[in-house]
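Counting along the sequence shown from 1, when you hit position 35 you're at 37 in my numbering, and nothing is skipped either side.
C-beta atoms are modelled at their ideal positions from N, C-alpha and C, and glycine is treated no differently.
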Amino acid sequence: QVQLVESGGGLVQPGGSLRLSCAASGFTFSNYRMSWYRQAPGKERELVATISSISGYSNYADSVKGRFTISRDNAKNTVYLQMNSLKPEDTAVYYCKASHPTLGSTYWGQGTQVTVSS
3 QVQLVESGGG
13 LVQPGGSLRL
23 SCAASGFTFS
33 NYRMSWYRQA
43 PGKERELVAT
53 ISSISGYSNY
63 ADSVKGRFTI
73 SRDNAKNTVY
83 LQMNSLKPED
93 TAVYYCKASH
103 PTLGSTYWGQ
113 GTQVTVSS
């Protein structure tokens, strides 16, 4: 059974930091590209960051470049999102997604809430 379980969300003040984790099971994690998305109330889900399956190449949405860092630990089947210098506009539900680069299979986590507020 495939599972993606996010954790690490919460309430943080502007300028603060959070580290999100997404633990994967039920598929060969190292073969999958991993991504973080977010969805704010009333807005469409948007891509935040992606990391490739083998090389670890990553890219980011312009809105988070220089503040967020995506990483993965294939030994632990986990992907992380380190979020620094958080802003109120970063408030959203954050989701992790696994996608196979050739097979087309895609899996989503259930999401974790991040709220940036004073």
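- request: Please determine if the stretch 63–74 and the stretch 43–52 are in contact, where contact requires at least 3 C-beta pairs separated by less than 8 Å.
  value: yes
task: Just tell me which of Gly18, Gln5, Val4, Trp38 has its CA closest to the CA of Val81.
output: Reading the sequence shown from its first residue, position 79 is the one you call residue 81. Ranking the options by Cα distance to Val81, first place goes to Trp38.
query: Going by the beta-carbon positions, is the gap between Ser107 and Phe29 smaller than 9 Å?
result: Residue mapping note: residue 107 aligns to position 105 of the sequence shown, counting from 1. Residue mapping note: residue 29 aligns to position 27 of the sequence shown, counting from 1. Yes, the pair counts as a contact, with Cβ atoms nearer than the cut-off.
- request: Please report the residue range of the beta strand (DSSP E) in which Phe70 lies.
  value: Counting from 1 along the sequence shown, the entry for residue 70 is found at position 68. That run of the beta strand (DSSP E) goes 70–75.
Coil, strand or helix - Ser32 by DSSP: Here residue 32 corresponds to residue number 30 of the sequence shown, with the count starting at 1. Helix at Ser32.
field: Alpha-carbon to alpha-carbon, Glu91 and Ala42
entry: Here residue 42 corresponds to residue number 40 of the sequence shown, with the count starting at 1. Here residue 91 corresponds to residue number 89 of the sequence shown, with the count starting at 1. If you take the alpha carbons of Ala42 and Glu91, they lie about 9 Å apart.
task: Just the C-alpha distance for Leu2 and Gly58, rounded to the nearest angstrom, thanks.
output: The structure shown does not extend to residue 2, since the chain is modelled only from 3 to 120, so the question has no answer here.
- request: Along the beta strand (DSSP E) that carries Lys1, what are the first and last residues, could you check?
  value: Any question about residue 1 goes unanswered here, given that the chain covers just 3 to 120.
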